[in-house]
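J.: Numbering (our numbering), first residue to last: 3 to 269.
#1: Under 6 Å Cβ to Cβ from residue 224, same chain only, skipping five residues before and after it: list those, please.
#2: Can you give the Cα-Cα distance for residue 235 and residue 167, rounded to whole angstroms?
#3: When the distance is taken between beta carbons, is residue 78 closer than 8 Å to residue 217?
#4: Let's test the definition: count the other Cβ atoms within 10 Å of the Cβ of residue 98 and tell me whether it reaches 16, buried, or not, exposed.
#5: Using the beta-carbon count (16 or more within 10 Å), is residue 148 buried or exposed?
#6: Short check: CB of residue 89 to CB of residue 139, under 8 Å?
#7: Since I believe residue 177 is in contact with residue 229 (beta carbons under 8 Å), could you give me their beta-carbon distance rounded to a whole number of angstroms?
#8: Taking DSSP as the reference, what is the three-state secondary structure of residue 39?
#9: Spatial neighbours of residue 82 within its chain, please: CB distance less than 7 Å, with the 5 preceding and 5 following residues excluded, ordered by chain position.
#10: How close, in whole Å, do the beta carbons of residue 119 and residue 169 come, if the pair is a contact with beta carbons under 8 Å?
#11: Could you check how far apart the C-beta atoms of residue 143 and residue 219 are, in whole angstroms? I think they sit under 8 Å.
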């Protein structure tokens, strides 16, 4: 067995403990003074903390020895080939990367549960995937031409603020949460390392200036895509309301006409 894969694993475990201990302390205080959950429930939560500890430890170790190195190597190899092909590859990678984000699965489940199926999980998933795919492709375009990040971020958020006026509060809330969950471990490890690798082998590009900034675009893209979905849902609801109003008006006219005819017949 290659034990070198566990080099630095002790430090990774310490980092995870440092992140989880404050949550455990907070839960303990709430349990003592507020929650007072049954002992069986407390045991389940403690087991959850233990599983989270080991899961995060192994995941972060895998990121250090696998995700980041392979992402950078792939980026360097891609950067030596056709740069325009990078945009197509970037869209494909971005589209499918969102499927592997753990936080996205949680968001989809919560939205489907709270909306009682009004916003289907698949519709929201494909909306996020298309948005992230376009963001990755746009980031590739930015590296190719060396365009400043401000030319994408500033207009993007201005457009988002304008779109909010035409979107329901529900979709606005989901949109801004989507921007956070889309920038999870897959994007912040594999994709970011790949972009640094591309920028490092692209002539005239600085990995520090051009390799970073992709996460900001990925955070913006789901906001715009979900707001667009909200506008489409709003139009669908308006069309449905207009249809129902027309049907009600027709039924009312028919009823009045029938009552009028019955009144004439009775006279």
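Glycine residues also receive a C-beta, built at the ideal position from the N, C-alpha and C atoms.
T.: Checking against the coordinates, here is how it stands:
#1: 130, 133, 180, 181, 184
#2: 14 Å
#3: no
#4: exposed
#5: exposed
#6: yes
#7: 5 Å
#8: coil
#9: 203
#10: At roughly 20 Å, the Cβ-Cβ gap does not stay under 8 Å, so residue 119 and residue 169 are not in contact.
#11: The pair is not a contact, with the Cβ atoms about 10 Å apart (cut-off 8 Å).
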